[in-house]
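Protein chains: 2
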Amino acid sequence: MTLRGYTCPMASKSSPTAIVIGSGSGGLTAAIGLGRVGKSAILIEAENVGGDCTNVGCIPSKSLLHHSQNTDMTPAEVLAKVQERRNYLRDHETEEVKEAPGVDFRFGRARILGEGRVEIAKSDGTTETVEAPNIVIATGSRPRPIAIEGLPADRTLTNESLFEMKEPPGHLAIVGGGAIGVEMATAFRRLGSEVTIIEYAPHLLPIMLPEAGAIVRRSLEASGVRVLVGAGASSFDPATNSLHAKPAKGDGSIAPIESVDAVLLSVGRIPNSENLGLEQTGVEVNERGMIVIDDRGRTNVSGIWACGDVTDRGGTTHAAGAWGRRILRSLVLGPVPIPDPPPMPGAVFGDPEAASVGVQPVEVPADVRRITVPVASIDRAFTDEVTEGVVIIDVRRFRGTILGATIVGPRAGELIGMVSLSMKTGVRFHQWYGTVWPYPTYADALSKAVDAYVAEAMPSVHKDLVRWLGGKVRRTLKG
Amino acid sequence: MTLRGYTCPMASKSSPTAIVIGSGSGGLTAAIGLGRVGKSAILIEAENVGGDCTNVGCIPSKSLLHHSQNTDMTPAEVLAKVQERRNYLRDHETEEVKEAPGVDFRFGRARILGEGRVEIAKSDGTTETVEAPNIVIATGSRPRPIAIEGLPADRTLTNESLFEMKEPPGHLAIVGGGAIGVEMATAFRRLGSEVTIIEYAPHLLPIMLPEAGAIVRRSLEASGVRVLVGAGASSFDPATNSLHAKPAKGDGSIAPIESVDAVLLSVGRIPNSENLGLEQTGVEVNERGMIVIDDRGRTNVSGIWACGDVTDRGGTTHAAGAWGRRILRSLVLGPVPIPDPPPMPGAVFGDPEAASVGVQPVEVPADVRRITVPVASIDRAFTDEVTEGVVIIDVRRFRGTILGATIVGPRAGELIGMVSLSMKTGVRFHQWYGTVWPYPTYADALSKAVDAYVAEAMPSVHKDLVRWLGGKVRRTLKG
Numbered sequence: 001m002t003l004r005g006y007t008c009p010m011a012s013k014s015s016p017t018a019i020v021i022g023s024g025s026g027g028l029t030a031a032i033g034l035g036r037v038g039k040s041a042i043l044i045e046a047e048n049v050g051g052d053c054t055n056v057g058c059i060p061s062k063s064l065l066h067h068s069q070n071t072d073m074t075p076a077e078v079l080a081k082v083q084e085r086r087n088y089l090r091d092h093e094t095e096e097v098k099e100a101p102g103v104d105f106r107f108g109r110a111r112i113l114g115e116g117r118v119e120i121a122k123s124d125g126t127t128e129t130v131e132a133p134n135i136v137i138a139t140g141s142r143p144r145p146i147a148i149e150g151l152p153a154d155r156t157l158t159n160e161s162l163f164e165m166k167e168p169p170g171h172l173a174i175v176g177g178g179a180i181g182v183e184m185a186t187a188f189r190r191l192g193s194e195v196t197i198i199e200y201a202p203h204l205l206p207i208m209l210p211e212a213g214a215i216v217r218r219s220l221e222a223s224g225v226r227v228l229v230g231a232g233a234s235s236f237d238p239a240t241n242s243l244h245a246k247p248a249k250g251d252g253s254i255a256p257i258e259s260v261d262a263v264l265l266s267v268g269r270i271p272n273s274e275n276l277g278l279e280q281t282g283v284e285v286n287e288r289g290m291i292v293i294d295d296r297g298r299t300n301v302s303g304i305w306a307c308g309d310v311t312d313r314g315g316t317t318h319a320a321g322a323w324g325r326r327i328l329r330s331l332v333l334g335p336v337p338i339p340d341p342p343p344m345p346g347a348v349f350g351d352p353e354a355a356s357v358g359v360q361p362v363e364v365p366a367d368v369r370r371i372t373v374p375v376a377s378i379d380r381a382f383t384d385e386v387t388e389g390v391v392i393i394d395v396r397r398f399r400g401t402i403l404g405a406t407i408v409g410p411r412a413g414e415l416i417g418m419v420s421l422s423m424k425t426g427v428r429f430h431q432w433y434g435t436v437w438p439y440p441t442y443a444d445a446l447s448k449a450v451d452a453y454v455a456e457a458m459p460s461v462h463k464d465l466v467r468w469l470g471g472k473v474r475r476t477l478k479g
Numbered sequence: 480m481t482l483r484g485y486t487c488p489m490a491s492k493s494s495p496t497a498i499v500i501g502s503g504s505g506g507l508t509a510a511i512g513l514g515r516v517g518k519s520a521i522l523i524e525a526e527n528v529g530g531d532c533t534n535v536g537c538i539p540s541k542s543l544l545h546h547s548q549n550t551d552m553t554p555a556e557v558l559a560k561v562q563e564r565r566n567y568l569r570d571h572e573t574e575e576v577k578e579a580p581g582v583d584f585r586f587g588r589a590r591i592l593g594e595g596r597v598e599i600a601k602s603d604g605t606t607e608t609v610e611a612p613n614i615v616i617a618t619g620s621r622p623r624p625i626a627i628e629g630l631p632a633d634r635t636l637t638n639e640s641l642f643e644m645k646e647p648p649g650h651l652a653i654v655g656g657g658a659i660g661v662e663m664a665t666a667f668r669r670l671g672s673e674v675t676i677i678e679y680a681p682h683l684l685p686i687m688l689p690e691a692g693a694i695v696r697r698s699l700e701a702s703g704v705r706v707l708v709g710a711g712a713s714s715f716d717p718a719t720n721s722l723h724a725k726p727a728k729g730d731g732s733i734a735p736i737e738s739v740d741a742v743l744l745s746v747g748r749i750p751n752s753e754n755l756g757l758e759q760t761g762v763e764v765n766e767r768g769m770i771v772i773d774d775r776g777r778t779n780v781s782g783i784w785a786c787g788d789v790t791d792r793g794g795t796t797h798a799a800g801a802w803g804r805r806i807l808r809s810l811v812l813g814p815v816p817i818p819d820p821p822p823m824p825g826a827v828f829g830d831p832e833a834a835s836v837g838v839q840p841v842e843v844p845a846d847v848r849r850i851t852v853p854v855a856s857i858d859r860a861f862t863d864e865v866t867e868g869v870v871i872i873d874v875r876r877f878r879g880t881i882l883g884a885t886i887v888g889p890r891a892g893e894l895i896g897m898v899s900l901s902m903k904t905g906v907r908f909h910q911w912y913g914t915v916w917p918y919p920t921y922a923d924a925l926s927k928a929v930d931a932y933v934a935e936a937m938p939s940v941h942k943d944l945v946r947w948l949g950g951k952v953r954r955t956l957k958g
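Same order as they appear, the protein sequences are chains A and B. Going by this note's numbering, the first residue of the first sequence is number 1, and it counts up by one from there. Going by this note's numbering, the first residue of the second sequence is number 480, and it counts up by one from there.
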């Protein structure tokens, strides 16, 4: 991630407001932001500036997705190009952060000693202790390891090693069909690798509605990727290079996946909450090791804050940045009221893109209208020969509050922004009615959705009203 | 355009509510909509169902922009494919409209005889007269002809003949660098044609801010298109196939454009308002021949309505559709209050896309903040190696009302929808602050814009307040 543009003069050299641990999206936002409003921060980084995003996440993966479409380069050239671009950005960000006004940047491994005190262990073996009234923990996460019996280390990949490869593997098995799995299957298939995805859940992209994973699966399969869902990788036979899998449910057997050159593990993340001194200071972590924070980004210990992947409030670059801003706001403005956390959308940049925001249970609750529009029904899909994709929007009956949306198709990552913005600003879905979008764009699918909503809602407003009032009455009776 | 989804039961066979003249976006919306809500309409079409959009506009042009990127097809195959797709959609829409409930579809040329009476002249030479209390004129527009001395008809193209070609011209000169000119330059350059654009205004895309045309120009030139701005085509020498041009201002000379195989005229549109009987019925047209309508789509003559390119209220497929809906609303609901017309965005689907909405004067008025964000500053541009593009948003100082926006870059046609939606729903720009967009998307440029706006506005809110109050006082003193 690059640094967010706050503009405010007068960085002071006064005593630091906060010690920020970790220079990913969340930490950078908090530290640089403090500097920009005339305060200062000590920023500690154990490895590389930019966090997972710049080094082993969004930047190299989206770079790879882009360059893998360039048929003028060999696969090795594509991989080298991705590394070169990533290194360029990392170096650039490192310089930027070193020169950022109000930011005292230090390399080293941080450990919280107690209230306002952090020890930095440096690579030369020395340590030093720094002090500030606030500590912001933004140490991120790492790939969740899983045991696959017999799988040699030199055939095991994670997002941390994937982008260091010089050549794409002949056959890449991907364990875990979430965002990383789907994006890397897309990219490595383009580079010519044989690709097999194994996902434990019944569908790819398990945190989205099943429709999203189904569409992405058909697209991957059409490109030659083999997709196994409802299956877990169990063991690897180094003699034959075959990966064995078992059904997630039941006792059936699955034919081994043969001739696997490398196995990418992308089955989730675990928070980097160990060795930070959290136990001694009494900072609460949940059963998954995530630091528990409130709406301001505060932990249970006064003066200790946390944001991003290390917390229980969502981990992606944009969510970490948003939480970094919330902490910044409280550090600068003090205990003035703070708006509710905005909805945090997510996007997967495969082909097609898939994006979602808000909460959408698989079973539609009685008080929710689910509007579904196939992307193939819009004219831009006709001209672009797009036959797959869907917009699914959930709206609270009668009130029109937008509860969530899933969009799969070209440019879905941009379109979901319209829903995210409306949810944040409190615009209800019927208020969209009559908006004009340029023709022919993919936004037409959203236009169709609101048309369908209004058309459906009209004859039944009365019914909805009765149901809503009924709910009120029942709640009153219960209360 | 395909038919918009209204769902409402019970199409009646009662006497028609309206006679709709023209089956493009506006006419179809009105006629089909009447049928869907249980009323009926007589729909008259002189040529092809779908209007310019389906036959000689959006559909073939966007199809061509799509297929021209396919290097597996020869240029002739691409052109044939575009025709095939267009014909498929036209046939499909023709069937749809013939079967649409409540729509009595007739081929023929319409002429208004007087209050509620229209004569249809059929291709077999017969005529018939139909009657209904309302008449909706939706006859669209045609290319504005310009005189280029010596230019033979068989070397002259407009959007009406362009998509009938079997092979791309060796050298295509395009007179007019607006939406059609830019899109067709993009597409034919991809097909291998040598392309020269001549635009009379000082920059391409003259209805947008100059920044848009400048970026599109650089991109076209990088692809090998020759761009002449501030110049008008004056004559053609059939002996040498050279097109002569003169500067729009001053007396300078311009070297002739040599070896031109075809000249595409795309210098604007004129409304199809002749031969409709408007003079006899007293329907007001402006000095450019456009029918003058009010906020409901009414002409000055009771019972006669108009929408789309034939009117003075904006001509594009989406604007025509939006006005068709407004007329429909009044026809169905009667004289109940109607919201203000929504902002009508526009988009040009070249490479990159350019889109705009609202009003943005070149000179920024004193009470307006103009926020400019280069697309190259966002991370998705870094991963996708995008170096050009801009977001320019105009916001009323102090109040935060969004007045207009211009976006140039990948997916600009989708991104402008966020601005259009906010303007329609009355969301002010500062309310965007804190919205989370998925990372890394092009929407990040909008996020940067609102960050910059809030950061800039903060220290000067007081100043803005004083200026605003000052304005009030002045207005009071003047009044």
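Idealized CB from N, CA, C, for every residue including glycine. Keep in mind that this is a model prediction, so the values were computed, not measured.
Selection B:V576, B:D923, B:G505 evaluated against S856 of chain B yields B:D923 as nearest (Cα-Cα). Counting along the chain, I180 of chain A sits inside the alpha helix (DSSP H) bounded by residues 179 to 190. Between M897 of chain B and I881 of chain B, the gap from beta carbon to beta carbon reaches 8 Å or more.
For the pair V436 of chain A and K246 of chain A, the Cα-to-Cα distance works out to about 51 Å. In terms of Cα proximity to P647 of chain B, the closest of B:D858, B:V561, B:S494 is B:V561. For the stretch 56 to 71 of chain A, the set of residues with a beta-carbon nearer than 7 Å to any beta-carbon of chain B comprises C58, I59, K62, S63, H66, in chain order.
Beta-bridge analysis with DSSP links F715 of chain B to B:L722. Residue contact check for H797 of chain B against chain A: a CB pair falls below 8 Å. Counting only the Cα atoms, V357 of chain A lies some 32 Å from V78 of chain A. Contacts between E893 of chain B and chain A, judged by CB atoms closer than 8 Å, involve R411, E414, L415, T441, Y442, A443 in chain order. A residue is called buried when at least 16 other Cβ atoms come within 10 angstroms of its Cβ; L812 of chain B does not meet this threshold and is exposed.
Within its own chain, the residues whose Cβ lies closer than 7 Å to the Cβ of F667 of chain B, once the five positions on either side in sequence are excluded, are P647, L651, V674, listed in chain order. Annotation: T796 of chain B is outside any beta strand (DSSP E); the continuous alpha helix (DSSP H) that includes it extends over 796 to 812.
Judged by their CB atoms, G711 of chain B and P685 of chain B are not nearer to each other than the 8 Å cut-off. About 5 Å separates the beta carbon of Q910 of chain B from that of T425 of chain A, a gap short enough to meet the 8 Å contact definition.
Per DSSP, the continuous alpha helix (DSSP H) segment holding P689 of chain B begins and ends at 689 to 701.
Here the C-alpha atom of S123 of chain A lies approximately 6 Å from the C-alpha atom of G108 of chain A. Counting C-beta pairs closer than 8 Å gives fewer than three between the stretch 122 to 137 of chain A and the stretch 52 to 60 of chain A, which falls short of the contact rule.
In the structure shown, H171 of chain A adopts extended strand secondary structure according to DSSP, grouped into three states. Its chain contains V499, A520, L522, V582 as the residues whose beta carbon lies nearer than 7 Å to that of A510 of chain B, once the 5 sequence neighbours on both sides are disregarded; these appear in chain order.
For R117 of chain A, the closest C-alpha among the options A:P16, A:V292, A:T311, A:R370 is that of A:P16. For S25 of chain A, the closest alpha carbon among the candidates A:V427, A:V216, A:V336, A:T316 is that of A:T316. For chain B, the residues of the stretch 381 to 393 of chain A that bring a beta carbon within less than 9 Å of one of its beta carbons are F382, T383, D384, E385, in chain order.
For K518 of chain B, there are no neighbours in chain A by C-beta distance under 8 Å, as the nearest C-beta there is about 15 Å away.
Within the same chain, Cβ atoms closer than 8 Å to the Cβ of I291 of chain A are found at I137, P271, S273, L278, V283, E284, V285, T299, A306, V310, T311, D312, the five residues on either side in sequence being excluded. The residue from B:F715, B:I871, B:R876 with its alpha-carbon nearest to that of S926 of chain B is B:I871.
Residue contact check for D351 of chain A against chain B: no CB pair falls below 8 Å.
Nearest CB-CB separation between M897 of chain B and chain A: below the 8 Å threshold. Within 10 angstroms of the beta-carbon of G512 of chain B lie 16 or more other beta-carbons, which makes it buried.
Within a 10 Å sphere around the beta-carbon of Q759 of chain B sit fewer than 16 other beta-carbons, which makes this residue exposed.
N159 of chain A places its beta carbon 8 Å or farther from that of R90 of chain A. Contact note: P917 of chain B reaches chain A through H318, P345, G346, A347, A355, G413, I416, using a C-beta cutoff of 7 Å and chain order. Less than 8 Å separates the beta-carbon of D384 of chain A from that of H545 of chain B. Leaving aside the five residues that flank M644 of chain B on each side, the residues in its chain whose CB is nearer than 7 Å to its CB run, in chain order, L558. For P410 of chain A, the three-state secondary structure derived from DSSP is coil.
Boundaries of the alpha helix (DSSP H) harbouring E563 of chain B: 554 to 578, taken from the DSSP string.
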